[in-house]
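Chains as they are written, first to last, in this note's numbering: chain A, 3 to 118; chain B, 11 to 127.
Just so it is clear, CB atoms sit at the ideal spot from N, CA and C, and this is done for glycine as well.
The next block holds one structure in the form of C-alpha cells; read it before the comments.
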Amino acid sequence: DGGITQSPKYLFRKEGQNVTLSCEQNLNHDAMYWYRQDPGQGLRLIYYSQIVNDFQKGDIAEGYSVSREKKESFPLTVTSAQKNPTAFYLCASSISGPPRVYNEQFFGPGTRLTVL
Amino acid sequence: RKEVEQDPGPFNVPEGATVAFNCTYSNSASQSFFWYRQDCRKEPKLLMSVYSSGNEDGRFTAQLNRASQYISLLIRDSKLSDSATYLCVVNIEGGAYSGGGADGLTFGKGTHLIIQP
C-alpha cells in the first residue's frame, strides 16, 4: 500500500539531546513537509522540500534541521537549540510543491515527542 | 500576515442533525481551499477540496464565498463518527514560500465537533 510512514510513534528525549524523526513516503511525491502541532493550535510549517537535495525554511525553522538526500525520505532533526520541542510532529507530502500548491497534502501518522 | 480563522467550538450536535461551520481567510489572493478532518491524536486527512462553484460529497457540502472571504462546511444527517476536529486550509497558488515565512499554506486551528447520541 502506498503511503507515508513516520517513526517512532512516541519519542522521549532528555533535555539537551538531539533527536531525529523519520519520514518515508512511497507515493512518488516530489514535495515533502514537516509540521508541528501543539495542543489547541493549528499546524505550523517547520521545513519543506520541493525536490531532492533542496529544502526551505518554514515559519518556525529555528532549532530544527532537515535533509533530502532521497526522494522518498525527509528526516527531521530536533536539536538542543529548540526551546520547546515537546509537540506532535507531522510529516506530509504532495505531488508537487510550491509554486503549484493546489495538490492536497497527505500526512503521516505523526511522532509525539516529549522532552523530559 | 495571512490568517485563517475558525470558531474552535466545541459544537455539540445531536445525531441526525445538520451542522455548519465557517472559516474566514484574510488574504484575497488565496486560490485553493480544503477541509481536513483530524481525529484525536491522529493525523489530518483530506475531507474535501472546495471549488469555486461549491461541491458536495455525500452528506458533506463545501461552499466558497470569495466576496466575503470565507468557506463553509455543511454536514447533513450527522453521525457519531463525524465527531472530530475540522481544519480549514488555504493555499495561495503561485505564491512562493520564503525562508522564515511560509505564505503558501495556512491551516486554521480547527473546529471541534461532537455528535451526541
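Is B:F31 near B:T121, with beta carbons less than 8 angstroms apart? Result yes, Cβ atoms of B:F31 and B:T121 sit closer than 8 angstroms.
From A:Q19 to A:V54, what distance separates their C-alpha atoms? Looking at the two C-alpha atoms, the distance is approximately 27 angstroms.
Compare the Cα-Cα distances from A:G60 to each of A:Y50, A:P87, A:S67 and report the closest residue. Out of A:Y50, A:P87, A:S67, A:Y50 has the C-alpha closest to the C-alpha of A:G60.
Any beta carbon from chain B within less than 8 angstroms of A:F109's own beta carbon? Closer than 8 angstroms to some Cβ of chain B, the Cβ of A:F109 qualifies, so yes.
Applying the criterion that 16 or more other CB atoms from any shown protein chain within 10 Å of the CB defines a buried residue, is B:G104 buried or exposed? The pLDDT assigned to B:G104 is 49, lower than 50, so where the model puts this residue is not dependable; a value taken from the coordinates is nonetheless given after this. Counting Cβ neighbours within 10 Å, B:G104 comes out exposed, since fewer than 16 surround it.
Is it the case that the CB of B:Y61 approaches a heavy atom of the ligand MN more closely than 7 angstroms? As far as ligands go, the structure on display features none, and thus does not contain the ligand MN.
In this structure, how does DSSP classify A:L118 when only helix, strand and coil are distinguished? Coil at A:L118, not helix or strand.
Mark B:S38 as exposed unless 16 or more other C-beta atoms lie within 10 angstroms of its C-beta, in which case mark it buried. Classification for B:S38: exposed.
CB-CB length for B:V23 against B:L123, believed under 8 angstroms: Contact check for B:V23 and B:L123: beta-carbon distance about 7 angstroms, within the 8 angstroms limit, so the pair qualifies.
Determine whether the Cβ of B:K89 lies closer than 8 angstroms to any Cβ atom of chain A. No, B:K89 does not count as interfacial toward chain A.
Does any C-beta atom of chain B lie closer than 8 angstroms to the C-beta of A:G112? Closer than 8 angstroms to the CB of A:G112 there is at least one CB belonging to chain B.
Which residues bound the beta strand (DSSP E) around B:N75? Per DSSP, the unbroken beta strand (DSSP E) holding B:N75 starts and ends at 70-75.
Within a Cβ cutoff of 6 angstroms, which residues of the same chain sit near A:P111, ignoring the five residues on either side of it in sequence? So the list reads Q8, once near-sequence residues are dropped.
For B:I124, which beta-bridge partners are listed by DSSP? Paired residue(s): B:N22.
Could you tell me which chain B residues have their CB closer than 7 angstroms to the CB of A:E71, listed as they occur along the chain? At a beta-carbon threshold of 7 angstroms, none of the residues of chain B lie near A:E71; the nearest stands roughly 20 angstroms away.
So, with DSSP's three-state summary, where would you put B:D49? Of the three classes helix, strand and coil, the one that applies to B:D49 here is coil, per DSSP.
With DSSP collapsed to three states, give me the class of A:S24. Looking at A:S24 - three-state DSSP - the assignment turns out to be strand.
Counting only C-beta atoms, is B:F117 closer than 8 angstroms to chain A at any point? Interface residue, yes.
Can a CB atom of chain B be found closer than 8 angstroms to the CB of A:E26? No, A:E26 lies away from the interface with chain B (no Cβ there is under 8 angstroms from its Cβ).
With 8 angstroms set as the bound, which would you pick, yes or no: does the beta-carbon of A:L118 sit closer than that to a beta-carbon of chain E? Chain labels in this structure do not include chain E; the protein chains are A and B.
Alpha-carbon spacing of B:Y35 relative to B:L83, whole angstroms: One Cα belongs to B:Y35, the other to B:L83, and the distance between them is close to 14 angstroms.
Please name the residues in the segment 15-42 of chain B whose beta-carbon is closer than 8 angstroms to at least one beta-carbon of chain A, in chain order. Under the 8 angstroms Cβ criterion, the segment 15-42 of chain B contributes P18, Q41, S42.
Less than 8 angstroms between the beta carbons of A:L13 and A:V21, yes or no? Going by C-beta atoms, A:L13 is nearer than 8 angstroms to A:V21.
Grab the span of the beta strand (DSSP E) containing B:V29 for me, first residue to last. Per DSSP, B:V29 belongs to the beta strand (DSSP E) from 29-35.
Strictly under 8 angstroms for the Cβ-Cβ distance: is B:Y107 near chain A by that measure? Unreliable placement is indicated for B:Y107, whose pLDDT of 47 sits below 50; no coordinate value is reported for it.
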